[in-house]
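*Asks:* This structure is in structure tokens; I'll ask about it shortly.
2 protein chains.
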Amino acid sequence: MGIDMAKRGSARERILTAAEEIVVKDGVSTLTFDKVAEVTGLSKGGILYHFASKDALVRAMVERFVYRFETGLAGLEGTDAEPHGRYTRAYVAATMGDAASTGDQYDRLGASITAALSNFPDLLEIVHQQNIRCQAAVEKDGLDPVEATIIRLAMEGMWMAEVFNVMHLDPAMKQAVIERLIARTRPASSP
Amino acid sequence: MGIDMAKRGSARERILTAAEEIVVKDGVSTLTFDKVAEVTGLSKGGILYHFASKDALVRAMVERFVYRFETGLAGLEGTDAEPHGRYTRAYVAATMGDAASTGDQYDRLGASITAALSNFPDLLEIVHQQNIRCQAAVEKDGLDPVEATIIRLAMEGMWMAEVFNVMHLDPAMKQAVIERLIARTRPASSP
DNA sequence: TTTACTTTACCGACCAGACGGTATAGTAAT
DNA sequence: ATTACTATACCGTCTGGTCGGTAAAGTAAA
Numbered sequence: 130m131g132i133d134m135a136k137r138g139s140a141r142e143r144i145l146t147a148a149e150e151i152v153v154k155d156g157v158s159t160l161t162f163d164k165v166a167e168v169t170g171l172s173k174g175g176i177l178y179h180f181a182s183k184d185a186l187v188r189a190m191v192e193r194f195v196y197r198f199e200t201g202l203a204g205l206e207g208t209d210a211e212p213h214g215r216y217t218r219a220y221v222a223a224t225m226g227d228a229a230s231t232g233d234q235y236d237r238l239g240a241s242i243t244a245a246l247s248n249f250p251d252l253l254e255i256v257h258q259q260n261i262r263c264q265a266a267v268e269k270d271g272l273d274p275v276e277a278t279i280i281r282l283a284m285e286g287m288w289m290a291e292v293f294n295v296m297h298l299d300p301a302m303k304q305a306v307i308e309r310l311i312a313r314t315r316p317a318s319s320p
Numbered sequence: 130m131g132i133d134m135a136k137r138g139s140a141r142e143r144i145l146t147a148a149e150e151i152v153v154k155d156g157v158s159t160l161t162f163d164k165v166a167e168v169t170g171l172s173k174g175g176i177l178y179h180f181a182s183k184d185a186l187v188r189a190m191v192e193r194f195v196y197r198f199e200t201g202l203a204g205l206e207g208t209d210a211e212p213h214g215r216y217t218r219a220y221v222a223a224t225m226g227d228a229a230s231t232g233d234q235y236d237r238l239g240a241s242i243t244a245a246l247s248n249f250p251d252l253l254e255i256v257h258q259q260n261i262r263c264q265a266a267v268e269k270d271g272l273d274p275v276e277a278t279i280i281r282l283a284m285e286g287m288w289m290a291e292v293f294n295v296m297h298l299d300p301a302m303k304q305a306v307i308e309r310l311i312a313r314t315r316p317a318s319s320p
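Here you go:
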């Protein structure tokens, strides 16, 4: 099994995808080389050939995760003609809208990765750097910085809550919040 | 060590506190019976006597955590004369202000506990229930429900980000956000 | 008060399994 | 033959959990 996709993505990518699958289904704590080997159809030795340690594997996962988010966000930014509040709108959409970086599977992955951060403290730096870029962009997006930050925080809160499965916000409320937030990024109604 | 507080709290409480200490310092993944035994000065067998399984230990930690938050919030609510937006203000203060339930140590504990939720899925229910109560209270706090939810989400976002150490918000900005959010709960300026 | 028995709290040795990682041998293409 | 990659066997360590025992503190009948 798994041999049929011999050329569909390098072994490295397939391993990463399998690791994501495991993490999404059962959480980070269950991510082992043996399991990844089983899912990919490779042997444990094969996995270790590509990722010399578990740290390396998790690091690659985090990097791919951050990369996807940033790519998705940049794509959304490109489709917005209005410069005022453009980044903040793209941020809202990339976080909870219908970007490539969203959806159930991606959400749970985000939760697991965020949770993993407490076990792999050195990986925190990757996420941290992305966060600094994000906050800087939001602050100089043409909106009142405090207001823009509130919007960002609210989206972050919604994402986190959803992703950790702690909050079951009513879908209608969720939609209303997103719309209200987007509206506040429009030129007319920023304060 | 530890013997000096022979009467300061039951063994159970001391174990719980030691477990928190470990989790705060090195994360959930390093929480083991052996370590708890070492910190408390008890033996592993002694720990097992009070908490029959690791699940039981973590469950007790989560319960104590939620209890503290709710108690702190209720206390803050009592000191607010203005009913309009009272709960939401208390929520903001309990989350990031200077309640008993806040502070560096408590924050890191919150992170670890939230992270632990992905490893102990059945404990999620405890947090989930508290969250439902919270959201219901926020929605009928006399404010526009969407606005109130945004405030709550923004605080949740700030807390999560801080707690997971992913965001380094400028202290001045943080303060400004909190003040702005509090201002929005006041009768005059809800929309 | 002594004796017999029970309960509570705790200790420390041990085990079975899992996990990260190594060592090594093999294979298929270039 | 070299390179790139894969497979198998194995090791040491860690960890949750078990278990037999023990010391102290009641408790209650004789």
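Chains A and B are the protein sequences, given in the same order. Just so you know, our numbering puts the end of the first sequence at 320, numbered straight through with nothing missing. Just so you know, our numbering puts the end of the second sequence at 320, numbered straight through with nothing missing. Glycine included, C-beta positions come from ideal geometry on N, C-alpha and C. All values reported here derive from a predicted model rather than from experimental measurement.
Can you name, in chain order, every residue of its own chain whose Cβ lies under 6 Å from the Cβ of A/Ala305, other than the five neighbours on each side?
*Replies:* Excluding sequence neighbours, A/Ala305 sits near nothing in its chain.
*Asks:* When the Cα atoms are used, what is the spatial distance from A/Ala185 to A/Ile151?
*Replies:* Computed Cα separation, rounded: 17 Å.
*Asks:* Per the contact definition of three or more C-beta pairs closer than 8 Å, is the segment 257–269 of chain A in contact with the segment 254–264 of chain B?
*Replies:* no
*Asks:* Terminal residues of the continuous alpha helix (DSSP H) containing B/Pro316?
*Replies:* Per DSSP, B/Pro316 belongs to no alpha helix (DSSP H) and is neither H nor E.
*Asks:* Given this structure, state the Cα-to-Cα distance separating A/Val191 from B/Ser139, to the nearest angstrom.
*Replies:* 42 Å
*Asks:* Cβ-heavy atom distance between B/Arg262 and the ligand GDP below 7 Å?
*Replies:* Because no ligand of any kind appears in the structure shown, any question about the ligand GDP cannot be addressed here.
*Asks:* Can you round the beta-carbon distance between B/Thr217 and B/Asp270 to whole angstroms, since I take them to be within the 8 Å contact cut?
*Replies:* 5 Å
*Asks:* Would you call the segment 297–315 of chain A and the segment 235–247 of chain A touching, i.e. three or more CB-CB distances under 8 Å?
*Replies:* Per the Cβ contact rule, the segment 297–315 of chain A is not in contact with the segment 235–247 of chain A (fewer than 3 Cβ pairs under 8 Å).
*Asks:* Quick check on B/Ala181: buried or exposed, where buried means 16 or more other Cβ atoms within 10 Å of its Cβ?
*Replies:* B/Ala181 counts as exposed, since fewer than 16 other beta carbons sit within 10 angstroms of its beta carbon.
*Asks:* Are the C-beta atoms of B/Leu186 and some chain A residue less than 8 Å apart?
*Replies:* no
*Asks:* Closer than 8 Å between beta carbons: that is the criterion. Which residues of the segment 201–229 of chain B meet it against chain A?
*Replies:* none
*Asks:* Please list the partners that B/Ile279 has in chain A, where partner means a Cβ-to-Cβ separation under 8 Å.
*Replies:* Neighbours of B/Ile279 on chain A, chain order: Ile279, Ala283, Val306, Arg309 and Leu310.
*Asks:* Apart from the five residues just before and just after A/Val195, which ones in its own chain have a Cβ nearer than 8 Å to its Cβ?
*Replies:* Ile255, Val256 and Gln259
*Asks:* Short of 6 Å in beta carbon distance, which residues of its chain neighbour A/Ala223, apart from the five on each side in sequence? Order them along the chain.
*Replies:* Gly201, Leu202, Leu205 and Ser230
*Asks:* How would you call B/Ala312, buried or exposed, if buried means at least 16 neighbouring beta carbons within 10 angstroms?
*Replies:* The Cβ neighbour count for B/Ala312, taken over all protein chains shown within 10 Å, is under 16; the residue is labelled exposed.
*Asks:* Quick one, are the C-beta atoms of A/Leu246 and B/Met287 less than 8 Å apart?
*Replies:* no
*Asks:* Below 6 Å CB to CB, which residues in the same chain sit around B/Ala219 once its five sequence neighbours on both sides are set aside?
*Replies:* So the qualifying residues of the chain are Leu202, Leu205 and Glu206.
*Asks:* Using the rule of at least 16 other Cβ atoms within 10 Å of the residue's Cβ for burial, across every protein chain shown, is B/Arg143 buried or exposed?
*Replies:* buried
*Asks:* Report the CB separation of B/Leu252 from B/Arg193 in whole angstroms; it is logged as a contact under 8 Å.
*Replies:* In this structure, B/Leu252 and B/Arg193 do not form a Cβ contact; the two beta carbons are roughly 12 Å apart against a cut-off of 8 Å.
*Asks:* Measuring CA to CA, which of A/Ala244, A/Thr208, A/Asp163 and A/Val165 is closest to A/Val157?
*Replies:* A/Ala244
*Asks:* Taking a Cβ distance cut-off of 8 Å, strictly less, list which residues of the segment 152–169 of chain B are near chain A, in chain order.
*Replies:* Gly156, Val157 and Ser158
*Asks:* Taking DSSP as the reference, what is the three-state secondary structure of B/Met296?
*Replies:* coil
*Asks:* By the DSSP assignment, the alpha helix (DSSP H) with A/Glu206 in it spans what residues?
*Replies:* Lys183 to Gly207
*Asks:* Could you confirm whether any beta carbon from chain B is found closer than 8 Å to the beta carbon of A/Ser182?
*Replies:* no
*Asks:* So is A/Val275 in contact with chain B if we call contact Cβ pairs under 8 Å?
*Replies:* yes
*Asks:* Does the CB of A/Val295 have a neighbour CB from chain B at under 8 Å?
*Replies:* yes
*Asks:* Roughly how many angstroms lie between the CA atoms of A/Phe162 and A/Arg141, to the nearest whole one?
*Replies:* Their backbone Cα atoms lie some 14 Å apart in a straight line.
*Asks:* In chain order, what residues of the same chain have a beta carbon less than 6 Å from the beta carbon of B/Met296, not counting five sequence neighbours either side?
*Replies:* Ala290
*Asks:* Mind checking if A/Leu252 is an interface residue toward chain B, Cβ cutoff 8 Å exclusive?
*Replies:* No, A/Leu252 lies away from the interface with chain B (no Cβ there is under 8 Å from its Cβ).
*Asks:* With distance defined between alpha-carbon atoms, name the residue in B/Val292, B/Asn248, B/Leu310 and B/Pro250 nearest to B/Ala277.
*Replies:* B/Leu310
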